[in-house]
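One structure below.
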Amino acid sequence: MIVAVKLGGAAITNKKNVCEYGQSLNNLLDQVEQAYRVLQAQGHQLILIHGAGSFGHPQAKQYQLKAGWETSLPDDNYRKGFSHIRACLQQLNTTIITKLEERDVPVLAITPIDYITTWDGAEETPTERFSQGLVTRTKQYLDLGFVPVLHGDAVLDEMRGCTILSGDVILYHLSKCLPIARCIFVTDVDGIYKADPKLKQEPESFEIVPRIQVTKELQNIETAQLAVADVTGGMQGKIKWAKKIVLDCRTDVVICRAGTKEVITMMTMQDTFTNKMTLFTLF
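Those letters in the sequence shown? Residues 1 to 283, per full-length UniProt numbering, in order.
Take a look at the structure:
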């Protein structure tokens, strides 16, 4: 059994600043270690994907990297921006890998730019392009007993020159190709609110939707629009890809807050669902 966990940029970095780690990072990685021990003892496997947060979104926005340079060769500004964001992303990934290795979690990094070139944007790229390299290497690491660690990345694109590949998109394609039993988005909120608490100061605005049957209820859900740069779509993007994972892969998806007991119970494949998280399911 494989559990895939997306550590959101908002949970591991301070997205209000640039290249700043989040205060809850170490606590969250402690939870990852705890979950890994449980899964390992049960013969299960773990895949980790982390977002970019303040190590990627401000840089991508500043240099307009999601749209790409759309010419055969980038100009000096694009070269500077692409080089800069890759350095920032590598810094974040190295930190997470190092901290998990210090916790005796046998992690191996998989850097997406080395394994995939997208086609006219990451969201339009067919699964076959992911399965040819990225998925194959992920499966190879799993089979050897390692914990693969992937991340949102700035990648080359055949049409745009470059683009931004979200960790949410990676999670979707891994779920299409591998027998993943549960996908978990760990972020800085408990789940999906019934209404945007930042816009509507009503009692229901602070209530979490604990369960979403995606074929019926998804269109009625509102999400908060945070005043920070997020070139991959933020919570709206998570809802979109959670829906696609459930519908296309028949895999349940959970959104929960870093540091809560729900993170541990969901990562260890328990069925203890609460009103402090959101479960996306077909049934």
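Yeah, the Cβ is synthetic: ideal placement off N, Cα and C, and Gly gets one too.
Quiz item: Does the beta-carbon of LEU73 have 16 or more other beta-carbons within 10 angstroms, so that it is buried, or is it exposed?
Solution: Around the CB of LEU73, fewer than 16 other CB atoms lie within 10 Å, so the residue is classed as exposed.
Quiz item: Beta carbon of ASP190, beta carbon of ARG257: below 8 Å?
Solution: yes
Quiz item: What's the call for MET1, buried or exposed, on a 16-neighbour Cβ count within 10 Å?
Solution: By the 10 Å Cβ count, MET1 comes out exposed.
Quiz item: Quick one: complete alpha helix (DSSP H) runs, 4+ long, within the stretch 19–50?
Solution: Runs of the alpha helix (DSSP H) lying entirely within the stretch 19–50 and spanning at least 4 residues, in chain order: 25–41.
Self-check item: Residue ranges of each alpha helix (DSSP H) within the stretch 247–281, 4 or longer
Solution: 261–267
Quiz item: Hey, is the stretch 170–184 in contact with the stretch 39–57, meaning 3+ C-beta pairs nearer than 8 Å?
Solution: yes
Exercise. Just grab the DSSP bridge partners of LEU150 for me.
Key: LEU150 pairs with ILE49.
Quiz item: If we call anything under 8 Å between Cβ atoms a contact, is ASP153 one with PRO112?
Solution: yes
Practice problem: Could you tell me which of THR260, ASP248 and THR265 sits nearest to THR281, measuring between CA atoms? | Solution: ASP248
Quiz prompt | Range of the contiguous beta strand (DSSP E) that encloses ILE2 | solution = 2–7
Quiz item: Taking contact to mean at least 3 C-beta pairs separated by less than 8 Å, is the stretch 102–110 in contact with the stretch 138–147?
Solution: yes
Quiz item: Just how far apart, CA to CA, sit ASN17 and MET267?
Solution: 29 Å
Quiz prompt | Beta-ladder partner(s) of ILE180, from DSSP | solution = ILE2
Quiz item: Between which two residues does the beta strand (DSSP E) harbouring ILE164 extend?
Solution: That run of the beta strand (DSSP E) goes 161–165.
Quiz item: Per DSSP, PHE185 is paired with what?
Solution: LYS6 and ILE255
Practice problem: Check VAL135 in the structure and name its three-state DSSP category. | Solution: helix
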